[in-house]
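Protein chains in written order, with the working numbering: chain D, 1 to 175; chain Y, 1001 to 1368.
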C-alpha cells in the first residue's frame, strides 16, 4: 500500500524523468532549456521531500534562477534555428554516445551500491535539525579542500569554454 | 474530521485567501498609482467613476475581460499563453511564506483541542532562502513572453529584463546576508521576534544596524520588480512596451498583477528585515495581549484582537513602502542601459560586499 509520501514522490520522479527526457529530445534548444528549468525545479522539490531545505533553496537560486536564465538568454541572442532532427546520426558518434551513457550508468550504480550505507549514517549524524548550520560547518572545515577544488574546476571549465569558442568555427572565432 | 485533514483544509484555505488578497490589492494599487501620479504631476487622474474614481478599476477589469483575445501570427501559442500565468506564481508563493501577524491561540472548546493559527500561508523554516529562490524564478515569465511573442521589441525587452534581474539579484542577496548575520537565522518569524523592544531610546529595528543594507536592498528591489528608474524592460520610448508589447486584455493585466505582487513581496521583506515586521514601537505583543486579556473574558478573543492590531501595524508599514514605490516611479527619470549595468556591477555589488564584510567584522569583534 502506498502512503501519501510515496505517491507524491513517484509523481515528482515521473515528472523529473519526463522533463529530463524533454531536455535531450526537444529539437529547439530553447525548449531544451525550459525543460531543464522544469527538471531543476522538480529536483528541488525532491530535496524538500528529503528534508534538505537549504539544498533545495540553493538549487533553485543557483541553477533555476541564474544559470539556466543565462542559458536561455544566450540561446535567444544567437537565434539558433530549429534542428531538423533531435539526434545527429553517425556510427562512431553513436558508439561514443552509447559508451558515455554506459559509463555514466556505471558511475551511478557504483555510487549507489558503495556509498548508500555511508550516506545513511552521515545523514543520521547530521540530523534534520539545524542542518544549515551543520552543513556550513562540514563544508568549511572537513570538506574545505574538496569544496575549493570544485570551484577551481568550474574556473577551468570557464577558461576552456572561452578558449574553445575562439578557435575557428565558433561564433567568437578570430577570422 | 482528523487532525491531518483539518491541517490540509486550513492550509488550502489560507493559500486561497492569500492569492485572492494579492489579486485584490492590485486594483487599489493601480488606483493609488494613477491618482498619485496625477497628484505628483499636477493633474486630476481618474475621478469620474464612483467616489474619488475608486470604481474606475472595476470598469477597467470588465473592459479587460471583454477584449478580443488573440495570438500573434508567428507566436508560439504555448509560451504565449503560459507566460502571464507563470508571472503570478513566484509572487503568490512568496507572499504565502510571509508572517503577517502574531499567531492566534485558540483555546480548547468542546471536544476540539487548542490550536495555534499562524497568520502566514505556510511556515517555511528557511523563509528568506525560500522567498529569494522562488522570486528568482520571476525572470522566466518575462523570457517566455519575450520569446513566445515573436516580436523584436518583446525579445529585446525580455533580454534586458532578465539580464537586469540576474545582475541585481546578487547585490540584493548580499545585502540580505547582513541581516542574516546579525540575527543568526533564516526564519522570518524569528527575525521579527528578535526586533522587539527598545535600544538607545529607539525601536530595536534592523535599520539601526543595517542602514547601508536597507538602502542597497530597497534600490535592488526596484530593479527586481522592473519598476522605474529601472524599467528598461518596458522603456516605452525605445521598445514600444517591452516584453508585453503583443499582450492585450486580461493577459496584460496578469503581468500587471505579477509586477504589483513583486512590489508587495519587496515591501513586506523591507518591513520584516529593517522595520521590525509587525512590531509596534515601544510595546511588545505580550504587553498588548496582557492589556487585552484584562478587557475581555475569553483569551481567544484577546489573542485574535492582538493579532489584528499587529496585522494593521504590518499593513501600515507595507503600505508606506508601496507608496514609496509609486512615489519614486513618478519622480525619477529612467536610467540608460549602460548606466544600469554600471550601477549594478560596479557600485551596488561592491558596496553590498563591503556592507557584508563590515557586518561580519563588527559581529566578530562585538560578540567575540
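We put the CB at the ideal spot given by N, CA and C, even for glycine.
Exposed unless 16 or more other CB atoms sit within 10 angstroms - verdict on residue i
i                       : result
residue 125 of chain D  : exposed
residue 1216 of chain Y : buried
residue 1310 of chain Y : buried
residue 1024 of chain Y : exposed
residue 114 of chain D  : exposed
residue 1041 of chain Y : exposed
residue 1001 of chain Y : Unreliable positioning characterises residue 1001 of chain Y in this predicted model, as indicated by a pLDDT of 45, which lies under 50. A coordinate reading is not provided.
residue 1317 of chain Y : buried
residue 5 of chain D    : exposed
residue 1371 of chain Y : Outside the displayed span of chain Y (1001 to 1368) sits residue 1371 of chain Y, for which this structure offers no information.
residue 1338 of chain Y : exposed
residue 1143 of chain Y : buried
Closer than 8 Å to chain Y by CB, residue i
i                      : result
residue 50 of chain D  : no
residue 65 of chain D  : yes
residue 176 of chain D : This structure gives no information on residue 176 of chain D, because the portion of chain D shown stretches from 1 to 175.
residue 76 of chain D  : yes
residue 101 of chain D : no
residue 30 of chain D  : yes
Alpha-carbon to alpha-carbon, residue j and residue i
i                       : j                       : result
residue 1141 of chain Y : residue 1296 of chain Y : 49 Å
residue 1016 of chain Y : residue 1006 of chain Y : 16 Å
residue 69 of chain D   : residue 1162 of chain Y : 7 Å
residue 1357 of chain Y : residue 1363 of chain Y : 10 Å
residue 1195 of chain Y : residue 1336 of chain Y : 39 Å
residue 1329 of chain Y : residue 119 of chain D  : 52 Å
residue 1069 of chain Y : residue 1251 of chain Y : 9 Å
residue 1188 of chain Y : residue 1302 of chain Y : 24 Å
residue 75 of chain D   : residue 1190 of chain Y : 42 Å
residue 55 of chain D   : residue 134 of chain D  : 13 Å
residue 157 of chain D  : residue 151 of chain D  : 10 Å
residue 1064 of chain Y : residue 1247 of chain Y : 11 Å
residue 1131 of chain Y : residue 167 of chain D  : 42 Å
residue 1193 of chain Y : residue 1264 of chain Y : 21 Å
Reduced DSSP category for residue i - H, G, I as helix; E, B as strand; rest coil
i                       : result
residue 1280 of chain Y : strand
residue 1203 of chain Y : strand
residue 53 of chain D   : helix
residue 1230 of chain Y : coil
residue 2 of chain D    : coil
residue 1106 of chain Y : strand
residue 1116 of chain Y : strand
residue 1179 of chain Y : helix
residue 1198 of chain Y : strand
residue 158 of chain D  : helix
residue 1041 of chain Y : coil
residue 1250 of chain Y : helix
residue 1126 of chain Y : coil
residue 1210 of chain Y : coil
residue 1053 of chain Y : helix
residue 1151 of chain Y : coil
residue 1098 of chain Y : coil
residue 29 of chain D   : helix
residue 1297 of chain Y : coil
residue 1075 of chain Y : coil
residue 1327 of chain Y : helix
residue 176 of chain D  : Because chain D here runs from 1 to 175, residue 176 of chain D falls outside it and cannot be looked at.
residue 110 of chain D  : helix
Beta carbon proximity, residue i to chain D, threshold 8 Å
i                       : result
residue 1186 of chain Y : yes
residue 1085 of chain Y : no
residue 1006 of chain Y : no
residue 1181 of chain Y : no
residue 1137 of chain Y : yes
residue 1140 of chain Y : yes
residue 1129 of chain Y : yes
residue 1162 of chain Y : yes
residue 1081 of chain Y : no
residue 1125 of chain Y : yes
residue 1010 of chain Y : no
residue 1143 of chain Y : yes
Expected contact under 8 Å - CB spacing of residue i and residue j to nearest Å
i                       : j                       : result
residue 1164 of chain Y : residue 1230 of chain Y : 6 Å
residue 1365 of chain Y : residue 1275 of chain Y : Between residue 1275 of chain Y and residue 1365 of chain Y the Cβ distance is about 26 Å, and since that is not below 8 Å, they are no contact.
residue 1124 of chain Y : residue 1168 of chain Y : No, residue 1124 of chain Y and residue 1168 of chain Y are not in contact; Cβ-Cβ is about 23 Å, not under 8 Å.
residue 14 of chain D   : residue 23 of chain D   : Actually they are not in contact, since the Cβ atoms of residue 14 of chain D and residue 23 of chain D sit about 15 Å apart, beyond 8 Å.
residue 1102 of chain Y : residue 1306 of chain Y : 6 Å
residue 1213 of chain Y : residue 1179 of chain Y : 7 Å
Closer than 8 Å to chain B by CB, residue i
i                     : result
residue 57 of chain D : The structure shown has no chain B; the protein chains it does contain are D and Y.
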